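Student: Protein chains in written order, with my numbering: chain A, 42 to 340; chain B, 19 to 296. My questions will all concern the structure given below.
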């Protein structure tokens with residue numbers, strides 16, 4: 042659905058996005074993760090044709106954005122952090138105007154969408170009177186009216202209160218489950234991405250340092266926690282025997298490829314080492330992300 | 019589709035309170051000027067001037083005359099102000115507010131968006147100029163008897179017309195005034211396409227106009243007048259000349275059309291190259 046090929050953006054001397062290549066498949070909820078200034082919004086800007094790439098290509102479907110922007114964005118909706126509206130006009134009028142840049146809008150479609158986002162009954166009030174949560178729902182409405190296949194959400198929960206954040210996350214799940222949309226979500230909130238996405242890419246200093254499924258992240262390396270006496274002695278012995286390839290924290294070991302936990306337990310018992318506890322451990326996204334940042338630190 | 023989008027641009031423009039600031043200020047200014055003229059000794063000066071030149075004051079102290087001299091000064095000074103205020107806002111204010119980013123997430127080309135905005139600005143300029151003419155006349159009706167038109171600019175213009183001729187000249191002058199308002203709006207619109215604040219766009223456009231005005235009025239530059247934009251912006255004033263210099267009017271009109279096309283093309287070129295980020 043989305044393909045970025047060596048997409049690069051320089052602002053003067055500063056390299057904002059460095060040869061970014063990634064793919065978002067149809068049906069994905071794809072998380073673009075990175076600290077503030079990592080290049081997420083610039084990448085989204087290039088994907089929407091708002092920022093001109095210095096080099097590389099951004100494809101949506103079969104259309105390259107710089108060359109064929111109108112067709113590329115025909116079935117795309119977007120929501121930005123702190124969405125802006127014409128505050129002196131009604132919510133209805135705002136959506137009519139914004140969605141009108143994509144295609145003609147029927148009154149029936151507007152009614153359906155206002156109902157879907159839960160703004161029925163408030164749609165004719167001026168936006169100036171809307172709460173943050175209502176503005177977020179209005180942003181969603183304007184994105185949904187042209188019946189998109191792909192929805193791009195740039196830091197959608199920024200500025201919302203906890204209740205608003207919870208509501209927005211629930212809505213994102215509904216968008217995927219009920220409307221079958223492909224979603225590209227940028228965020229620096231790890232828990233948010235972990236809760237919502239099936240695939241992620243991590244950016245650091247404009248460079249992609251990881252792309253893959255969330256399951257892949259959680260598996261990470263094959264870390265096993267091990268509670269035993271004389272941990273260091275055990276690790277040295279098991280490493281020498283080729284069962285273990287690494288250790289950390291005085292309580293975690295990395296098994297060699299294809300070695301099951303049961304083999305390690307059997308060997309420890311044979312060697313007379315007590316095993317107080319052992320089991321596979323999954324990495325949280327936070328642990329994974331922090332380990333990536335350690336490997337590729339920011340300047 | 020284009021017309022629907024144009025209607026949406028007009029909703030945006032005419033939904034804003036500040037759009038009406040120009041209309042409100044013109045109305046207040048017209049009322050004040052006409053009341054001072056009607057209820058002070060000011061009209062005596064005009065009478066003396068007419069009588070010295072062999073005309074009967076009673077035939078020309080009319081709503082047409084009052085509206086004409088009122089609107090002369092408003093068109094010189096206030097029309098550029100409100101034209102540039104709206105023109106400077108059209109793109110720059112949306113960029114500042116963040117709504118431009120919302121629009122440009124849509125499959126609409128930047129040139130098409132600018133054309134829609136420019137047309138909305140032009141519609142505002144036409145309405146503002148025509149309303150200026152209409153309200154000037156309507157405010158004067160209760161206070162002066164219907165009569166001929168006397169147009170006077172010291173050192174430049176002295177013309178009298180019977181009521182019927184005066185009325186069409188007055189109407190045509192305001193139609194041409196809309197070309198002036200549109201051009202000033204277009205100049206500010208161009209500056210608004212640069213990555214600057216809306217107020218800066220307005221100020222730059224006004225500075226450009228005022229600089230032209232100053233240069234044009236330096237006595238030693240009299241021969242250079244046709245080189246200045248303000249000289250051509252005053253083409254509406256030529257509708258009060260007798261006879262009308264159609265060649266000069268055609269020249270000014272075509273130059274202003276050229277200016278408008280240039281401002282738009284420059285604005286579109288600059289805007290097309292911009293990166294739009296939050």
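All C-beta atoms in this analysis are idealised placements derived from N, C-alpha and C, irrespective of residue type, glycine included. All of these numbers come straight from a predicted model, not from anything done at the bench.
How should residue 317 of chain A be labelled, buried or exposed, when 16 other C-beta atoms within 10 angstroms of its C-beta is the threshold for buried?
Tutor: Position 276 of the first chain, counted from the start, is the residue given in the question as residue 317 of chain A. Residue 317 of chain A is exposed by the Cβ-count criterion.
Student: Start and end of the alpha helix (DSSP H) containing residue 162 of chain B?
Tutor: Locating residue 162 of chain B in the second chain gives position 144, counting from the first residue. It is not in any alpha helix (DSSP H) - residue 162 of chain B carries neither H nor E in the DSSP assignment.
Student: Output needed for residue 187 of chain A: all residues of its chain with C-beta closer than 6 Å, excluding positions within five of it in sequence on either side, in chain order.
Tutor: As a working note, residue 187 of chain A is residue 146 in the first chain. Excluding residues within five positions, the ones whose Cβ falls inside 6 Å are 140, 143, 144.
Student: May I have a chain-ordered list of the beta strand (DSSP E) segments no shorter than 3 residues that lie completely inside the segment 114–176 of chain A?
Tutor: 117–120
Student: By the criterion of Cβ-Cβ separation under 8 Å, what are the contact partners of residue 91 of chain A in chain B?
Tutor: To locate residue 91 of chain A, count along the first chain from 1; it is residue 50. Within 8 Å Cβ-Cβ: 119, 122, 123, 293, 294, 295.
Student: Could you name the residues of chain A that residue 127 of chain B contacts, counting a contact when the two beta carbons are closer than 8 Å?
Tutor: Position 109 of the second chain, counted from the start, is the residue given in the question as residue 127 of chain B. Here the neighbours are 110, 111.
Student: Could you spell out the range, first to last residue, of the alpha helix (DSSP H) harbouring residue 294 of chain B?
Tutor: Working through the second chain from its first residue, we reach residue 294 of chain B at position 276. That residue, residue 294 of chain B, is in no alpha helix (DSSP H); it is neither H nor E in DSSP.
Student: Give a yes or no on whether 8 Å exceeds the smallest Cβ distance from residue 321 of chain A to chain B.
Tutor: Looking up residue 321 of chain A in the first chain gives position 280. Not an interface residue.
Student: Answer yes or no: do residue 100 of chain B and residue 151 of chain B have a C-beta to C-beta separation smaller than 8 Å?
Tutor: Along the second chain, read from residue 1 onward, the residue named residue 100 of chain B stands at position 82. Along the second chain, read from residue 1 onward, the residue named residue 151 of chain B stands at position 133. Cβ distance not < 8 Å, so residue 100 of chain B and residue 151 of chain B don't count as in contact.
Student: Mapping the DSSP letters down to three states, classify residue 20 of chain B as helix, strand or coil.
Tutor: Within the second chain, the letter at position 2 stands for residue 20 of chain B. Three-state result, residue 20 of chain B: helix.
Student: Against chain B, does residue 6 of chain A count as a neighbour if the rule is that its beta carbon must be under 8 Å from one of theirs?
Tutor: Any property of residue 6 of chain A remains undetermined from this structure, which presents chain A solely from 42 to 340.
Student: Throw me the rounded Cβ distance for the residue 246 of chain A and residue 79 of chain A pair, which I believe falls under 8 Å.
Tutor: Translated into the one-based positions of the first chain, residue 246 of chain A becomes position 205. Translated into the one-based positions of the first chain, residue 79 of chain A becomes position 38. About 7 Å; that satisfies the 8 Å criterion.
Student: Please determine, among A:61, A:180, A:268, A:288, the residue with the shortest C-alpha to C-alpha distance to residue 88 of chain A.
Tutor: On the first chain, residue 88 of chain A is found 47 positions in, with the first residue counted as 1. It is A:61.
Student: If we ignore side chains and look at the alpha-carbon of each, how far apart do residue 340 of chain A and residue 288 of chain B end up?
Tutor: As a working mapping, residue 340 of chain A is identified with position 299 in the first chain. As a working mapping, residue 288 of chain B is identified with position 270 in the second chain. Note on residue 340 of chain A: pLDDT 45, under 50, position unreliable in the model; the coordinate value appears next. Cα-Cα distance, rounded: 34 Å.
Student: Say whether chain B places a C-beta atom closer than 8 Å to the C-beta of residue 218 of chain A.
Tutor: Here the question's residue 218 of chain A lines up with position 177 in the first chain. No - not a single Cβ of chain B is within 8 Å of the one on residue 218 of chain A.
Student: State the beta-bridge partners of residue 72 of chain A as determined by DSSP.
Tutor: Taking the first chain and counting its residues from 1, one reaches residue 72 of chain A at position 31. Residue pairing by DSSP places residue 72 of chain A opposite A:226, A:241 in a beta bridge.
Student: Would residue 220 of chain B and residue 278 of chain B be called neighbours here (beta carbons separated by less than 8 Å)?
Tutor: Taking the second chain and counting its residues from 1, one reaches residue 220 of chain B at position 202. Taking the second chain and counting its residues from 1, one reaches residue 278 of chain B at position 260. The answer is no: Cβ separation not under 8 Å.
Student: Pull up the DSSP beta-bridge partners for residue 280 of chain B, would you.
Tutor: To locate residue 280 of chain B, count along the second chain from 1; it is residue 262. Answer is none; residue 280 of chain B lacks a bridge partner.
Student: CB residue 176 of chain A to CB residue 124 of chain A, shorter than 8 Å?
Tutor: Taking the first residue of the first chain as 1, we reach residue 176 of chain A at position 135. Taking the first residue of the first chain as 1, we reach residue 124 of chain A at position 83. Their beta carbons are under 8 Å apart, which means residue 176 of chain A touches residue 124 of chain A by this criterion.
Student: Is it buried or exposed, residue 137 of chain A, if we count other Cβ atoms within 10 angstroms and call 16 or more buried?
Tutor: The count along the first chain starts at 1 and reaches residue 137 of chain A at position 96. Flag for residue 137 of chain A reads buried.
Student: Mind listing which residues of the segment 80–105 of chain A have their C-beta closer than 8 Å to chain B's C-betas, in chain order?
Tutor: 82, 83, 86, 89, 90, 91, 92, 93
Student: Identify whether residue 46 of chain A lies in helix, strand or coil by the three-state DSSP scheme.
Tutor: The sequence position of residue 46 of chain A within the first chain is 5, counting from 1. The answer is strand: DSSP assigns residue 46 of chain A an E or B state.
Student: Can you confirm whether the segment 123–133 of chain B touches the segment 173–188 of chain B when touching is taken to mean that 3 or more C-beta pairs between the two stretches lie within less than 8 Å?
Tutor: No, because fewer than three Cβ pairs between the segment 173–188 of chain B and the segment 123–133 of chain B fall closer than 8 Å, the two stretches do not touch.
Student: Use the C-beta contact count for residue 135 of chain A: other C-beta atoms within 10 angstroms, 16 or more gives buried, fewer gives exposed.
Tutor: Counted from its first residue, the first chain places residue 135 of chain A at position 94. Looking at its Cβ environment, which holds 16 or more other Cβ atoms inside 10 Å, residue 135 of chain A is buried.
Student: How about the segment 135–150 of chain B and the segment 98–114 of chain B: do they share at least three Cβ pairs that are nearer than 8 Å?
Tutor: yes
Student: Name the chain A residues that come within less than 7 Å of residue 34 of chain B, Cβ to Cβ?
Tutor: Position 16 of the second chain, counted from the start, is the residue given in the question as residue 34 of chain B. Chain A residues near residue 34 of chain B: 129.
Student: Decide if residue 222 of chain B is buried, meaning its Cβ has at least 16 other Cβ atoms within 10 Å, or exposed.
Tutor: Taking the first residue of the second chain as position 1, residue 222 of chain B is located at position 204. Its Cβ being crowded by 16 or more others within 10 Å, residue 222 of chain B is buried.
Student: Around the Cβ of residue 82 of chain A, are there at least 16 other Cβ atoms within 10 angstroms (buried) or fewer (exposed)?
Tutor: In the first chain, counting from the first residue as 1, residue 82 of chain A sits at position 41. Flag for residue 82 of chain A reads buried.
Student: Using a Cβ-Cβ cut-off of 6 Å (strictly less than) and excluding sequence neighbours within five positions of residue 305 of chain B, which residues of its own chain qualify?
Tutor: Outside the shown range of chain B (19 to 296) lies residue 305 of chain B, about which nothing can therefore be said.
Student: At a CB-CB cut-off below 9 Å, which residues of chain A make contact with residue 29 of chain B?
Tutor: Here residue 29 of chain B refers to the residue found at position 11 of the second chain. What residue 29 of chain B touches in chain A: 127, 130, 134, 137, 138.
Student: For chain B, is any of its Cβ atoms less than 8 Å away from the one on residue 171 of chain A?
Tutor: One-based indexing of the first chain puts residue 171 of chain A at position 130. No, residue 171 of chain A lies away from the interface with chain B (no Cβ there is under 8 Å from its Cβ).
Student: Compile a chain-ordered list of the residues in the segment 63–82 of chain B whose CB is closer than 9 Å to at least one CB of chain A.
Tutor: None of the residues of the segment 63–82 of chain B has a beta carbon lying less than 9 Å from any beta carbon of chain A.
Student: From residue 169 of chain A to residue 113 of chain A, what does the alpha carbon distance come to, in whole angstroms?
Tutor: The residue given as residue 169 of chain A occupies position 128 in the first chain. The residue given as residue 113 of chain A occupies position 72 in the first chain. For residue 169 of chain A and residue 113 of chain A, the distance between alpha carbons rounds to 33 Å.
Student: Taking contact to mean 3 or more Cβ pairs, one atom from each stretch, closer than 8 Å, check whether the segment 155–163 of chain B and the segment 62–81 of chain B are in contact.
Tutor: yes
Student: Helix, strand or coil: which one does DSSP assign to residue 96 of chain A?
Tutor: Here residue 96 of chain A refers to the residue found at position 55 when the first chain is read from its first residue. Residue state, collapsed to three classes: strand.
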